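Colleague: Count along the sequence shown from 1, then add 2; that gives the number in the working numbering.
The C-beta atom is built at its ideal place from N, Cα and C for all residues, glycine as well.
Because the structure is a prediction, the values reported are computed rather than measured.
To start, I am sharing the structure in question, which I have written as structure tokens.
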Amino acid sequence: MKNLKLGTNFAVFIIFFGVAAFDAIQTQNWLRVAFWAGIGAFFLWADTKEK
3 MKNLKLGTNF AVFIIFFGVA AFDAIQTQNW LRVAFWAGIG AFFLWADTKE
53 K
């Protein structure tokens with residue numbers, strides 16, 4: 003992930019990653035944690051994609 007620029011999608015990634023981490027601590031439902039982390043990773047990928 004070179005040339006990582008911290009844009010709007012990076013902030014969305016942090017929010018979704020935080021939701022996944024909080025959910026992991028509370029429920030230990032790993033499928034739902036993986037879902038939220040995946041959504042966050044998608045936004046991070048979209049932020050690094052060439053326009």
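Under the rule that 16 or more other beta-carbon atoms within 10 Å means buried, what is leucine 33, buried or exposed?
Modeller: exposed
Colleague: What residues in its chain sit with their C-beta under 7 Å from that of glycine 19, if we drop five residues either side in the sequence?
Modeller: Note on identity: in this sequence residue 19 is phenylalanine, with glycine being the wrong assignment. Counting only Cβ-Cβ distances below 7 Å, and skipping sequence neighbours, we find Ala39, Gly42.
Colleague: In chain order, which continuous runs of the alpha helix (DSSP H) of length 4 or greater are located wholly inside the region 8 to 41?
Modeller: 10 to 29
Colleague: Out of curiosity, what's the CA-to-CA distance linking threonine 50 and threonine 29?
Modeller: 31 Å
Colleague: Let's test the definition: count the other Cβ atoms within 10 Å of the Cβ of alanine 22 and tell me whether it reaches 16, buried, or not, exposed.
Modeller: buried
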